[in-house]
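For the sequence shown, my numbering begins at 54 and goes up steadily by one. Every residue, glycine too, gets a C-beta built ideally from N, C-alpha and C. Just so you know, these numbers come straight off a predicted model, no measurement behind them.
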Amino acid sequence: MNAYDIIIKPVLTEKSYEAISEKTYVFIVAKKAGKTEIKQAIETIFDGVKVERVNTVNRLGKVKRQGTSQGRRPSTKKAYITLTKDSKTIEAFDSMAQ
């Protein structure tokens, strides 16, 4: 898997903005990606970034109904990336942290 196939997109919520000050970033990642693969992908995509810890959460898709038919939204996997204290920050998020 390519590093860009593992990291799908960042999560941009109020809770994730608050965590940026503690050098924790949240991303949607591929469901089959492991913690070591996620760590290597972040370090290759963003230069000068050192990952200290990776926590993952599997989210089950919500059940949605329309009339009598019922379906489910797709399930996703989120990764909480914590950087080391001496690591560079991710520049794309710097303006959002204030």
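Secondary structure of residue i, DSSP reduced to three states
i, result
"Lys88", "helix"
"Phe99", "coil"
"Ala132", "strand"
"Lys62", "strand"
"Ser74", "coil"
"Ser122", "strand"
"Lys10", "There is no way to answer for residue 10, as the model of the chain reaches only from 54 to 151."
7 Å CB neighbourhood of residue i in its chain, flanking five on each side removed
i, result
"Ile143", "Tyr78, Phe99 and Val102"
"Val156", "Nothing can be reported for residue 156: it is not among the residues displayed for the chain, which extend from 54 to 151."
"Thr97", "Ala56"
"Ile59", "Val82, Ala83, Ala86, Glu90, Ile91 and Ala94"
Neighbourhood of residue i by C-beta, 8 Å cutoff - its chain only, sequence neighbours within 5 removed
i, result
"Lys130", "Ile81, Val82, Ala83, Lys84, Ala86, Thr109, Val110, Asn111 and Arg112"
"Glu75", "Thr135"
"Gln123", "Val116 and Lys117"
Candidates the options: closest to residue i by CA position
i, options, result
"Glu90", "Ser140, Arg106 and Gly120", "Arg106"
"Met54", "Leu65, Pro63 and Gln93", "Gln93"
"Ser148", "Ile73, Thr121 and Lys115", "Ile73"
"Tyr70", "Tyr133, Ser140 and Ser128", "Tyr133"
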